[in-house]
Each structure stands twice: as structure tokens, then as C-alpha cells.
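Student:
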Amino acid sequence: MSTITTEALSATTLLRFATAGSVDDGKSTLVGRLLHDSKSVLVDQLEAVERASASRGQEAPDLALLTDGLRAEREQGITIDVAYRYFATPRRRFILADTPGHVQYTRNMVTGASTAELTVVLVDARNGVVEQTRRHAAIAALLRVPHVVLAVNKMDLVGYEERVFAAIAEEFTAYATELGVPEVTAIPISALAGDNVVDASARMDWYGGPTVLEHLETVPVSHDLAHCHARLPVQYVIRPQTAELPDYRGYAGQIAAGTFRVGEEVTVLPSGRTSTIAGIDLLGEPVDVAWTTQSVTVLLADDVDVSRGDLIVPSKDAPATTQDVEATVCHVADQPLTVGHRVLLKHGTRTVKAIVKNIPSRLTLADLSLHPHPGTLAANDIGRVKIRTAEPLPADSYADSRRTGSFILIDPDDGTTLTAGMVGESFAAPEPVTDGDDDGWDF
């Protein structure tokens with residue numbers, strides 16, 4: 010395994026990315042090849058894979074076993090749960106979510122892609138773009154993943170034909186563009202043979218673009234949330250009431266976005282009460298400034314009623330509170346979501362009772378048409394919903410903040426996650442067309 014110094018790691022950027030695709034498109038093999046050929050696999054891990062492969066009568070190591078860790082996954086040869094892998098090259102650090110391809114586990118793909126800056130969508134060169142491919146493209150667009158890679162896999166099984174790759178790339182790119190995906194990079198690969206994964210393929214000299222790893226290492230990453238709307242969901246109120254700290258009252262949580270400073274005027278939502286930041290504690294030490302992803306304790310100048318679930322925001326940049334939430338959702342539970350369904354809505358650290366008032370439309374993946382007023386959403390359906398909450402909710406638009414513009418719906422009886430929701434407009438607007446036609450994507 011290659012050695013990367015601490016100094017080199019500190020100088021590299023971080024890319025979070027997810028893989029997606031239909032069953033047997035080769036996602037786990039691609040991830041295994043990526044780890045293996047980039048020298049990110051420990052010797053004992055590789056030896057374990059070789060032994061497991063030999064016991065199954067396979068001559069070569071099955072690199073998919075590097076990610077498919079569950080017994081059921083190995084027995085069936087499919088990915089069931091999201092497998093997270095961490096690796097690094099001298100140019101960049103990576104957090105990879107290998108997500109399932111089976112339609113039954115689409116909910117896991119939503120989980121894996123929700124924090125990704127890039128999604129790799131695999132397509133079997135023999136099958137081309139199928140319904141699950143369209144579903145994964147729609148989810149990537151819905152989650153506003155800024156970069157999408159189309160990896161046309163198993164090119165070895167179609168004779169490395171350029172025309173096969175070109176036809177699939179053209180069809181997928183047209184579909185993704187209509188969804189508003191801002192960038193699609195198509196790469197022909199063979200994960201099994203290693204073509205264009207880490208090393209360029211000598212068998213596809215007609216392709217002059219980057220390999221998968223080269224693209225992952227060089228794609229622009231802009232996930233600095235420090236300049237976004239500042240948001241601190243309160244997780245816990247710290248009140249030690251000890252002799253040393255008799256009057257200490259701090260509000261602890263992880264900053265979801267933006268930057269907070271001592272002396273800044275803030276508003277506590279949904280109550281609307283205002284105060285000034287008197288202090289910020291980080292790792293037990295006072296600081297003047299704190300920013301996104303840091304876990305801090307904020308002290309206010311006034312005795313304001315603040316509890317878990319409240320949101321601390323700058324007074325000059327506070328979101329509106331509402332009890333009527335309009336959102337696009339991906340329904341992930343087996344039981345359908347229906348009009349009149351009573352649910353719990355979890356937004357940040359706040360959970361409130363809610364009711365589904367209307368389901369205006371459901372997306373048809375085949376042609377991107379809208380089925381009006383379906384009345385229900387089945388598992389893996391994408392649709393538009395209107396929800397009434399029992400208490401005001403300070404929600405941002407998902408287009409402005411992926412962290413504070415998202416929510417989940419929960420079954421109040423058994424705690425099952427029902428639906429993943431994105432507040433506000435659904436898909437990003439596609440590039441303008443010359444004839445000025447409205448493609449109807451603004452739900």
C-alpha cells in the first residue's frame with residue numbers, strides 16, 4: 010500500500026461521491042478495482058478477498074468483495090446496504106458511498122447521494138439506459154448533486170465498440186440535461202479488466218478523456234458552506250449549575266452552514282426571540298468565530314427560552330417560518346404515502362407532527378411527464394407533496410441549503426422512515442432552449 014504523509018493529506022481537498030446503477034452493472038467491482046489499482050487496499054484485505062474468491066472456485070480475486078461485506082450480499086452477489094469507504098491519493102481524499110442498485114433498495118441510494126458532490130452512475134454497455142438508470146439520474150438531479158459521471162461498464166463484452174458507448178452517452182446526457190443536471194461526464198470502462206478506471210485503456214484508443222480516478226482527482230469541488238446562510242440547529246442545552254459555573258447556559262450543536270461570530274445579533278426560531286452571541290466555546294475553549302461542521306456551544310447575552318430543535322440564525326438572514334411545506338419527495342417505504350397520512354416531520358434536530366394535505370403530482374421516469382393528483386406515492390416514487398405541520402418550521406429552500414432544506418417523514422407508530430423531502434422547487438432549471446418552449450420541470 011502506498012504511503013501518504015500527513016502533510017500531503019492536509020494539503021489535499023476532500024471529495025464525497027456515491028456510486029449508483031442497476032443490479033449487476035458492476036458497481037462493487039468498480040469500487041474494488043478503484044481501491045485495488047490506486048493501491049488503497051491493505052495486504053491482509055486483499056489476501057482475505059483472494060481466499061474467499063478461491064473458496065468459491067474463482068481463479069481471479071473478486072474485487073466486489075472489498076465492499077460487499079454482508080453475508081447476504083456475498084451469497085446473492087448484490088449490494089444491499091450502503092458501504093462507505095475512505096481512501097486517498099496524493100492529489101485528493103475521498104469518502105465513497107457504494108449504494109445498492111436493486112429497485113428495492115433505492116432508499117439506500119438516496120441516503121448515499123444526499124451528501125455527495127459527485128455521483129457515478131453505472132450502465133451495462135449491453136443493456137444501455139434502463140428504468141433504474143433514469144431513477145438514479147432523477148434522484149441525483151433532485152438532490153442537486155453538482156457532478157454526474159456516466160460510467161459505461163462492461164465495454165469488454167461489446168468488443169470495446171465506440172458506437173455502443175456513444176449511443177448510451179447521448180441518450181443519458183439528453184435525459185440528465187432535461188432533468189437539470191449541470192454536468193455529465195461519460196467514461197467507457199471495464200471494471201473487471203481495469204480499463205479506464207485508474208489506468209487508461211489501450212483497447213479504447215478512440216477515447217481521449219480522463220479515467221475515472223483522473224476525473225475524481227480533478228473535478229472542481231466547491232463544498233465550502235462557510236459562506237452560506239448561517240444555521241445552528243440546537244441539539245442540547247448545557248446548564249451545569251456547579252459552583253464553578255453557576256450561571257452557565259450554553260446551546261450546543263453542529264453548525265449546519267455559515268459562520269457565527271461573537272457580538273452578532275441572532276434570532277431563535279421558531280419563537281422569533283432575538284439576542285446577541287456573548288460567547289462561543291469550541292472544544293472547551295472560547296473562540297471569536299466558528300463555522301460549518303464545527304460542533305460548538307453558543308452563549309447568548311439574554312436569558313432566552315431555547316431548547317432542542319430550535320434554530321439559531323443571524324437576525325439579518327433569518328428564514329421564514331411556515332406551517333405549510335411544499336416539497337418534492339422520494340418515497341422510500343414499502344407502505345404508500347397517501348393524502349391525509351399523519352406523520353412526524355424531522356427537520357434538523359426538530360421533530361413535529363404533520364399531515365399530508367395534498368399530492369399534486371407524481372413523476373413518470375420514462376418520459377419525465379407528470380401524473381396529476383395521484384393521491385398516493387408508492388415505494389421509490391418521486392412526487393410533489395404539500396404538508397401541514399402542527400408547529401411553525403424554519404425551513405430553507407433546498408436549492409439554497411441541502412442541510413437545512415431537507416427533511417424526512419417518519420411513521421409515528423413504529424419510527425419507520427417513510428419519505429425523504431426537499432423543500433421548495435424540485436429540479437434545477439435546465440439550460441435555456443432556443444425555441445423558448447417550457448419543458449414543464451417547475452412542478
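Heads up: the sequence shown begins at 10 in the numbering used here, then just goes up one per residue. Positions of the beta carbon are idealized from the N, C-alpha and C atoms, including for glycine.
Decide if Ala27 is buried, meaning its Cβ has at least 16 other Cβ atoms within 10 Å, or exposed.
Tutor: That one is buried.
Student: Would you report the Cα separation of Asn389 and Trp300, rounded to the nearest angstrom?
Tutor: The straight-line gap from Cα to Cα measures roughly 35 Å.
Student: Of the residues Ser123, His380, Ile198, which one's Cα is nearest the Cα of Ala160?
Tutor: Considering only alpha carbons, the answer is Ile198.
Student: Spatial neighbours of Thr360 within its chain, please: CB distance less than 6 Å, with the 5 preceding and 5 following residues excluded, ordered by chain position.
Tutor: Cβ neighbours of Thr360 beyond the five flanking positions: Leu353.
Student: If distances are taken between C-alpha atoms only, which option among Glu226, Arg393, Gly168, Val32 comes closest to Val334?
Tutor: Taking only the C-alpha atoms, the option nearest Val334 is Arg393.
Student: Quick test of the definition: if touching needs 3 or more C-beta pairs under 8 Å, does the segment 255 to 269 touch the segment 330 to 344?
Tutor: Touching, no.
Student: Taking buried to mean at least 16 other C-beta atoms within 10 Å of its own C-beta, is Lys163 buried or exposed?
Tutor: The residue in question, Lys163, is buried, as its Cβ has 16 or more Cβ neighbours within 10 Å.
Student: How about Ala209 and Met118: do their beta carbons lie closer than 7 Å?
Tutor: The answer is no: Cβ separation not under 7 Å.
Student: Does the pairing of the segment 397 to 414 with the segment 372 to 380 give three or more beta-carbon distances under 8 Å?
Tutor: Flag = no, the segment 397 to 414 and the segment 372 to 380 do not touch.
Student: Ignore the nearest five residues each way along the sequence and tell me which others in Ser19's own chain have a CB closer than 8 Å to its CB.
Tutor: Low confidence applies here, because Ser19 scores a pLDDT of 43, under 50, leaving its location unreliable and the question unanswered by this model.
Student: Could you say which of Ser123, Thr98, Arg100, Leu166 lies nearest to His106 if we only look at CA atoms?
Tutor: At residue 106 the sequence reads Ala, which differs from the His that was named. Here the closest residue by C-alpha is Ser123.
Student: Taking DSSP as the reference, what is the three-state secondary structure of Glu294?
Tutor: Strand.
Student: Just verifying my parser: in three-state terms, what is the DSSP assignment at Tyr260?
Tutor: In the structure shown, Tyr260 sits in a strand (DSSP, three-state: E or B).
Student: Hey, would you say Glu226 sits closer than 7 Å to Arg102, going by beta carbons?
Tutor: No, they are not a contact pair.
Student: Considering only the alpha carbon of each residue, which of Pro249, Val132, Leu309, Val313 lies closest to Glu273?
Tutor: The option with the nearest alpha carbon to Glu273 is Leu309.
Student: Rounded to a whole number of angstroms, what is the C-alpha to C-alpha distance between Thr88 and Leu23?
Tutor: Low confidence applies here, because Thr88 scores a pLDDT of 42, under 50, leaving its location unreliable; read the following figure in that light. Those two C-alpha atoms are separated by around 25 Å.
Student: Please name the residue, chosen from Asp311, Pro99, Leu131, Ser49, that lies closest to Ser37 on a Cα-to-Cα basis.
Tutor: Ranking the options by Cα distance to Ser37, first place goes to Leu131.
Student: In three-state DSSP terms, what is Gln141?
Tutor: Three-state DSSP puts Gln141 in a helix.
Student: Using a Cβ-Cβ cut-off of 6 Å (strictly less than) and excluding sequence neighbours within five positions of Ala363, which residues of its own chain qualify?
Tutor: Answer for Ala363: Val352, Leu354, Ile396, Thr398, listed in chain order.
Student: Per DSSP, what are the beta-bridge partners of Pro381 in this structure?
Tutor: According to DSSP, Pro381 bridges with Ser370.
Student: Classify Ile286: buried if its beta carbon has 16 or more other beta carbons within 10 angstroms, exposed otherwise.
Tutor: Buried, by the Cβ-count rule.
Student: Quick check on DSSP: helix, strand or coil for Phe436?
Tutor: Of the three classes helix, strand and coil, the one that applies to Phe436 here is coil, per DSSP.
Student: Measure how close the beta-carbons of Thr270 and Val298 come, nearest whole angstrom, since I'm counting them as under 8 Å.
Tutor: Looking at the sequence shown, residue 270 is not Thr but Arg. The Cβ separation is near 5 Å, so the contact holds.
Student: Under a three-way DSSP split, which group does Ala92 fall into?
Tutor: Strand at Ala92.
Student: Just tell me which of Pro249, Val313, Ile247, Arg248 has its CA closest to the CA of Thr276.
Tutor: That would be Val313, whose Cα lies nearest to the Cα of Thr276.
Student: Can you have a look at Val432 and say buried or exposed, based on whether 16 or more other CB atoms are within 10 angstroms of its CB?
Tutor: Under this definition Val432 is a buried residue.
Student: So within the segment 180 to 251, which uninterrupted beta strand (DSSP E) runs reach at least 3 residues, ignoring any that extend past its ends?
Tutor: Whole beta strand (DSSP E) segments, 3+ residues: 193 to 197, 245 to 247.
Student: Measuring straight from C-alpha to C-alpha, what distance separates Arg240 and Asp214?
Tutor: Cα-Cα distance, rounded: 50 Å.
Student: Applying the 10 Å Cβ sphere with the 16-neighbour rule, what's the burial state of Asn357?
Tutor: This sequence places Gly at residue 357; Asn is not what is there. So Gly357 ends up on the buried side.
Student: Which same chain residues, not among the five before or five after Thr330, have their C-beta less than 7 Å away from its C-beta?
Tutor: Result list for Thr330: Leu278, Pro279, Pro401, Leu402, Pro403, in chain order.
Student: In three-state DSSP terms, what is Ser304?
Tutor: Correct three-state label for Ser304: strand.
Student: How far does the beta strand (DSSP E) with Arg102 in it extend, from its first residue to its last?
Tutor: 101 to 107 is the span of the beta strand (DSSP E), which, as asked, contains Arg102.
Student: Can a CB atom of chain B be found closer than 7 Å to the CB of Leu254?
Tutor: This model lacks chain B altogether; it includes just one protein chain.
Student: Secondary structure at Ser415, three-state DSSP: helix, strand or coil?
Tutor: Looking at Ser415 - three-state DSSP - the assignment turns out to be strand.
Student: Are the segment 189 to 198 and the segment 146 to 160 touching by the rule of at least three beta carbon pairs closer than 8 Å?
Tutor: Because the criterion of three Cβ pairs below 8 Å is met, the segment 189 to 198 and the segment 146 to 160 touch.
Student: At what residue ranges does the segment 298 to 359 contain a whole run of the beta strand (DSSP E), taking only runs of 3 or more?
Tutor: Counting whole runs of 3 or more residues, the segment 298 to 359 contains the beta strand (DSSP E) stretches 298 to 300, 304 to 309, 320 to 323, 331 to 340, 351 to 356.
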